[in-house]
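Below you'll find the structure, written out as structure tokens, and then a few comments.
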Amino acid sequence: MELIQDLSFMHLVTNASLLVQLVMGLLLLVSLMSWWYIFLKMFAVRSAVKQAREFEDAFWGNPNLNALYQQANSQARTDVGALERIFAAGFAEFVKLKKTHGVDGAAVMDGTRRAMRAKYQREMDHLESHLSFLATVGSVSPYVGLLGTVWGIMNAFRGLSNVGQATLAQVAPGIAEALVATAMGLFAAIPAVVAYNRYAHDITRLSSRFESFIEEFSNVLQRQP
1 MELIQDLSFM
11 HLVTNASLLV
21 QLVMGLLLLV
31 SLMSWWYIFL
41 KMFAVRSAVK
51 QAREFEDAFW
61 GNPNLNALYQ
71 QANSQARTDV
81 GALERIFAAG
91 FAEFVKLKKT
101 HGVDGAAVMD
111 GTRRAMRAKY
121 QREMDHLESH
131 LSFLATVGSV
141 SPYVGLLGTV
151 WGIMNAFRGL
161 SNVGQATLAQ
171 VAPGIAEALV
181 ATAMGLFAAI
191 PAVVAYNRYA
201 HDITRLSSRF
211 ESFIEEFSNV
221 LQRQP
């Protein structure tokens with residue numbers, strides 16, 4: 001019964017060496033931050049996909065570009081999506097260049113595409129925010145946990161140097177304490193890696209969707225009188 005109590009999780013954590021405790025604390029903090037970003041990114045990506053789908057339906061179902069632009073710039077709306085903002089940036093630049101004397105059609109379309117590309121890049125930067133943090137957590141956390149494990153095992157064997165005959169009861173607590181750090185490193189890394197791969201895939205698909213819309217919208221504007 002005493003051995004089970006000695007090897008309980010809380011006992012191993014509270015009785016670990018200072019460096020191992022610092023490693024565990026760092027991994028716990030990083031894990032909590034990564035879960036926070038995982039949920040934030042989940043809602044952001046889902047919202048972006050939903051808004052893009054709804055705007056594409058509205059765009060192809062309504063030939064009145066001015067009405068769509070006024071709707072996108074409405075001050076009362078708070079649910080304007082990334083694709084809608086790309087559309088608004090391109091249409092505003094198109095109208096401005098059309099009203100400028102001495103600007104030919106090719107220059108108008110070139111300026112319109114540049115405006116949409118600039119807005120597209122800002123939207124992608126926003127969607128990709130915090131992904132690098134998840135990637136870093138996924139790649140570094142196991143090594144941080146391994147550092148705590150190596151240090152804990154070194155302390156365990158150093159403690160055995162003063163013992164005449166080592167037994168399992170003497171070795172087990174130190175080894176178990178050290179392995180807790182590795183377990184915490186994996187606990188922080190695995191969700192971060194899974195979330196990063198998932199969201200990177202979703203954002204890549206959104207990027208292709210935005211780029212396709214830019215080309216299709218440019219074709220629509222070229223046919224405008």
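At position 86 of the sequence shown the residue is numbered 86 (UniProt numbering), and the sequence of numbers has no breaks. Beta carbons are placed, not taken as given, at the ideal position from N, Cα and C, and that holds for glycine.
Straight-line gap, GLU56 to ALA135 (C-alpha atoms, nearest Å): Near 31 Å, if we compare the C-alpha coordinates of ALA135 and GLU56.
Cβ neighbours of LEU65 in the same chain (closer than 7 Å, five flanking residues each side left out): So the list reads PHE91, once near-sequence residues are dropped.
Cβ neighbour criterion (16 or more within 10 Å) applied to TYR143: Exposed is the label assigned to TYR143, since fewer than 16 other Cβ atoms lie within 10 Å of its Cβ.
Inter-residue Cα distance where the pair is ASN62 and VAL30: Those two C-alpha atoms are separated by around 47 Å.
Assigned secondary structure, VAL128 (DSSP; H/G/I helix, E/B strand, else coil): The identity of residue 128 in the sequence shown is Glu, whereas the question assumes Val. The answer is coil: DSSP assigns GLU128 none of H, G, I, E or B.
Spatial distance of VAL107 from ARG209 (CA atoms): Residue identity differs from the one stated: residue 107 is Ala in this sequence, not Val. When rounded, the distance between both Cα atoms is 25 Å.
Euclidean distance between Cα positions of residue 226 and VAL80: An answer regarding residue 226 cannot be provided, because it is not within the stretch 1 to 225 covered by the chain.
Cβ separation of ALA189 and SER141, assumed to be a contact under 8 Å, to the nearest whole Å: Right, the Cβ-Cβ distance comes to about 4 Å (below 8 Å), so this counts as a contact.
For SER132 and PHE43, the rounded distance between their alpha carbons: Taken atom to atom, the span from the alpha-carbon of PHE43 to that of SER132 is near 17 Å.
Run of the alpha helix (DSSP H) containing LYS98, from where it starts to where it stops: Going by DSSP, LYS98 is part of the alpha helix (DSSP H) stretching over 82 to 98.
Nonlocal neighbours in the same chain, by C-beta distance under 7 Å from VAL137, ignoring five residues either side: The answer, listed in chain order, is VAL30, SER34, ALA188, ALA189, ALA192.
Exposure label - TRP36; buried when at least 16 CB within 10 Å: Around the beta-carbon of TRP36, fewer than 16 other beta-carbon atoms lie within 10 Å, marking it exposed.
8 Å contact criterion, which LEU97 and THR78 should meet: CB distance rounded: Between THR78 and LEU97 the Cβ distance is about 29 Å, and since that is not below 8 Å, they are no contact.
Backbone secondary structure at THR149 - three-state DSSP: Looking at THR149 - three-state DSSP - the assignment turns out to be helix.
Pairwise C-alpha distance: TYR69 and ALA89: Roughly 9 Å between the two C-alpha positions.
Local conformation of ILE4 per DSSP, three classes: In this predicted model, ILE4 has a pLDDT of only 46, less than 50, meaning its place in the structure is not dependable; the value taken from the coordinates is given anyway. ILE4: helix per DSSP, three-state reduction.
Buried versus exposed, by CB contacts within 10 Å (16 or more), ARG85: The residue is buried, with at least 16 neighbouring Cβ atoms inside 10 Å.
Separation of ASN197 from ILE4, as counted between CA atoms: Bear in mind that the predicted position of ILE4 carries a pLDDT of just 46, short of 50, making it unreliable; the figure below should be weighed with that in mind. Rounded to whole angstroms, ILE4 to ASN197 spans 39 Å at the Cα level.
Beta carbon of GLY148 nearer than 8 Å to that of ALA176: Between GLY148 and ALA176, the CB-CB gap reaches or exceeds 8 Å.
Distance between beta carbons of ALA156 and ALA178, contact taken as under 8 Å: ALA156 and ALA178 do touch by the CB rule: their CB atoms are close to 7 Å apart, below 8 Å.
Nearest candidate by alpha-carbon position, reference ARG205, set ARG46, GLN21, ILE153: The shortest Cα separation from ARG205 among ARG46, GLN21, ILE153 belongs to ARG46.
Inter-residue CB distance, HIS130 and LYS41 (contact presumed, cutoff 8 Å): Taking C-beta atoms under 8 Å as the contact rule, HIS130 and LYS41 qualify, at a distance of about 6 Å.
Residue burial classification, LEU67 (beta-carbon count within 10 angstroms, cutoff 16): Sequence check: residue 67 is Ala here, not Leu. By the 10 Å Cβ count, ALA67 comes out exposed.
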